[in-house]
Amino acid sequence: MINFNWSQIVEELCDEFPVLCRTILSFMLPDNLTEKTKSDRITSMVPRIGFIYSLLAQSRNQELSKVQHMINTILFDNLCDQKVFDRLHSIGACMSYGHSLTILDKYGGHFNSAVIDALKSGKRIRLVGDNINWMTNVHDERKDNHAHMHHAFGSACIIQNTSFDLLSSIKPQLDYRYASVETFLPSRNDWHLLREDYSVHILKVASKHIPFFKEFCKPFENFFHGTLTEELKTKNKVIPLPVLHYNEQKYDEVVKILDFYESFLRESFGKANIDYNDTVKVLIGGDQLTRERFSGSKCLRAGGITAEERFDHLSPITFELFHLCMNYVKLIMKQLFKDQSVNEMGTMKCEANRLLRTTVNVNVNEHYDADKDFIISFTDAYITEAVMTFFEMENPTSAPTINRHEPPSQFTNDSEKKEWILSIFGDLVDKMVWCNESDNCRSYSEEEVHEDGEVLRLKLANGNFKSFVIKKKKTPPKEDKVQSYGHLVLELGVHFKALLSLCKTPDRERGLRLLKVTMLHFKANNWMSKYAYEIMRLLVHQYCILSEQEASEEFYALFVNTKGKTDSHIPCDLQMEYIVKCVKKHLKHMFSNKTDDFISKRTSAISAISDISEQFDRVSNVVIRSKRHSDLSSIHDELDMISDLRQLRPFETDPGRQHDTFPGISRKMENQLDMNLFRNWIMQQKIKFATELGK
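The sequence shown begins at 1 in UniProt numbering and counts up by one.
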């Protein structure tokens, strides 16, 4: 079925029943057409001719039902009602709904065929999973008959297209005992490269709102492309696995999930004629809770006799990046969003209220998309204001007025433009994003204020004289808290944009330096942050216990290419969320027949149903229609916020200013963190993660 083609069916008609073929064609084609027109018509009508032949053949012999099975499959793919099956069955277009269920049994028995083919071709695989929860209601509620919440576990196998065989397989890369704290903190070179990354993100926003900078974007079109961008361009094959009736919240059931993974891998490697020995390692993971449960269950089996009993083949175990981005949105909302600031211009709540963005909410789990979109627009408005302040521009249509920021009269090539942008915008990053310039970003203390006083000479009782210096008490300059709010918006917002860019266009070196800064931000926001813990664990994998080859395989396996483009990657856990959504649709389509056995069979067939339906669309030239509106531009909302910020002037120093609901806001996340405690924490976690059993 996966190789279904109308041309083969029509060829069979022409070879076996030439008279019938000529009869059908003579009836479908008027005599007054030219030969060329007839040829074009026949080409376009191949699916119709094949369908007519299939109706006749199936009416003569019930076993000749390949086309009907195909139509049954596409009806399942579109989750059609049972009545649709019955109506089309009456005219011979498909099989009955009851017979269709037997087709799903056949599909479900071959769910791992694509995995076996991938293993035979030398490709690697990884597994990702997540809980699936759904509620079943009751028609008549009674004392012993109530609605019930069901828990199951969904998984997917993702085929990896990249090979890192040329990299070193020597491990560990670095003995954790000799790894310094600096290994897990941004180095001087990391900060330099981050400065360039941030500069490009700021340039792209500036070019959107300030016409002067549009001509400088061309040299940076492929700036975020890494050495593996072309290899990563291939679309990843994603194969949903059968839904397991286990709950990840119970360790005894998570052990059964890992047992299923081992069984699935042993069977797949065996059918691919590959030795399933102790050297086989398959990455598994999920969101933070799933990762924690997997590692904990692996620890429970650490005393097993065989590698399968110890789950040694399931390694490494990682967290995923979609939920990390979601938690970073929570961090931003905690730092910058307060309902009480609704009347304070320039704050997130005030601007969201002025723009009637009613879906922006601190409950990020339920409003992630709305919160993310608004944070991006809010950050873009602040970036535009920062650029105009830095270049002393009165409005977006003006040009820079400070001599040292004016570009040369003309550029001879794109390299000169690139060099100028990275230099000037790098200064902007230092001053506006990281607040490293002492003049505007310095917090004064009373000990730092020195003032000359009057000298008073007094005669003591013994006749000696003693001099006293009487100094006037001086209040130190007050910090501009509105400016501090603006600096923090830029630091968090630009970094969030960099994380989103990483998810679209993965690059290991860029990703690791971003994760180091992200860990610092999480730790500053909440000392008990789970994702600071997860990032540190990943960094220990990347720099210490894994080989360079394994580290690269682990990092790039965190992403899935969904469209076969350079920038069409998404995190694996987001792909898993889509699969969970698809599974729930199929569960709903089962109506009252939601037995454990049928759920497993139906979900085992999802991959085959999707592949066969896509093949039908290709060979039948089915029109692909858009099912959603294109994203509405936020440019007008951003212009309104820019207008508000032009009035507020958040980046022009005005000592004593503050947003009343943010009286103690810090200019930098680093100011909220005790670096000595942070360094001690890194040393402790380094040892823990390098020696843990649930790697």
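Glycine included, C-beta positions come from ideal geometry on N, C-alpha and C.
Keep in mind it's a predicted model, so treat the numbers as computed, not measured.
Here the alpha carbons of N236 and C157 stand approximately 10 Å from one another.
Counting C-beta pairs closer than 8 Å gives three or more between the stretch 127–134 and the stretch 144–157, which meets the contact rule. By the criterion of at least three beta-carbon pairs nearer than 8 Å, the stretch 348–359 is not in contact with the stretch 513–520. Here the alpha carbons of N3 and R301 stand approximately 43 Å from one another. The three-state reading of DSSP puts T136 in strand, counting E and B together. The alpha helix (DSSP H) runs of length 4 or more contained entirely in the stretch 520–550 are, from start to end of the chain, 530–540. Straight across, the Cα-Cα distance linking D596 with C299 is about 29 Å. Each of E534, P506, S168 was checked against the Cα of T318, and the nearest Cα belongs to E534. Contact check for T505 against D567 passes: the beta carbons are separated by less than 7 Å. In this structure, M45 is the residue among M45, V181, A551, T162 with its C-alpha nearest to the C-alpha of V10. Put simply, the backbone Cα of I239 is about 8 Å away from that of N112. In this structure, Y107 lies near A608, with their beta-carbon atoms less than 7 Å apart.
In the three-state reduction of the DSSP assignment, N145 falls in the strand class. The beta carbon of G426 sits closer than 6 Å to those of R195, S199, all from its chain and outside the five residues before and after it, given in chain order.
Between E548 and L166, the C-beta gap is not smaller than 7 Å, which leaves the two residues out of contact. Between I642 and A381, the C-beta gap is smaller than 7 Å, which places the two residues in contact. Counting the other Cβ atoms within 10 Å of the Cβ of Y556 gives 16 or more, which makes it buried. Straight-line measurement puts the Cα of Q575 at about 34 Å from the Cα of L639.
In the structure shown, P30 falls within a coil segment according to DSSP collapsed to helix, strand and coil. K481 is positioned such that its CB atom lies no closer than 7 Å to that of Q335. Scanning its chain for C-beta atoms nearer than 8 Å, with the 5 sequence neighbours on each side dropped, one finds around L33 the residues R41, in chain order. If one requires a minimum length of 3 residues, the beta strand (DSSP E) runs lying completely within the stretch 227–299 are 238–240, 282–285, in chain order.
In the DSSP assignment, L574 falls within the alpha helix (DSSP H) that extends over 572–589. By the beta-carbon neighbour count (other beta carbons within 10 angstroms, threshold 16), D631 is exposed. Taking a C-beta distance under 7 Å as the contact criterion, M326 and Y276 do not qualify as a contact pair. Residue environment analysis places P400 among the buried positions, since at least 16 neighbouring C-beta atoms fall within 10 angstroms of its C-beta. Residue ranges of uninterrupted alpha helix (DSSP H) with 4 or more members, entirely inside the stretch 154–240 and ordered along the chain, are 188–209. If you draw a straight line from the Cα of D86 to the Cα of G511, it comes to about 53 Å. Spanning the alpha carbons of E491 and W434 requires a straight line of approximately 6 Å. Residue range 559–561 is occupied by the beta strand (DSSP E) that includes F559, with no alpha helix (DSSP H) assigned at that position. Closest option to V540, judged by alpha-carbon separation, among Y176, A272, R188, Y485: Y176. In this structure, DSSP gives N413 a state outside helix and strand, which the three-state scheme calls coil. A461 sits away from M669, with the two beta carbons spaced by 7 Å or more. Of E550, G564, E614, the smallest CA-CA separation from K171 is found for E550.
In the DSSP assignment, S7 falls outside any beta strand (DSSP E) and within the unbroken alpha helix (DSSP H) covering 6–16. Here F223 has V200 as same chain residues with Cβ atoms under 6 Å from its own Cβ, once five neighbours each way along the sequence are excluded.
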